[in-house]
Every structure is written in structure tokens, then in C-alpha cells.
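Numbering (the working numbering), first residue to last: 1337 to 1367.
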């Protein structure tokens, strides 16, 4: 029961990290 929740949290965290990196790269390119 706890394993799928942990998997969802890790996948969400990975997506968040990738999104933040994408925003930082796009901002640095725009500036």
C-alpha cells in the first residue's frame, strides 16, 4: 500500500525537478 504512493511521489518529484530546470534554462536563454 505504501509502495505505490512512494513511487508516485518520486515520479512527481522528478517531473518537478525537470520542470524547474527547464524554466531556469529558458530564462537564462531569454536573458
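Don't be surprised by glycine CBs; every beta carbon is placed ideally from N, CA and C.
- Query: Which class does residue 1359 belong to by DSSP, given the choice of helix, strand or coil?
  - Reply: helix
- Item | Pairwise C-alpha distance: residue 1352 and residue 1360 | 12 Å
- Separation of residue 1350 from residue 1337, as counted between CA atoms: Confidence in residue 1337 is poor, its pLDDT being 49 and thus under 50, which makes the residue's placement unreliable; the coordinate value appears in the next sentence. Cα to Cα, the separation comes out at about 21 Å.
- Query: Roughly how many angstroms lie between the CA atoms of residue 1345 and residue 1358, to the nearest whole one?
  - Reply: 20 Å
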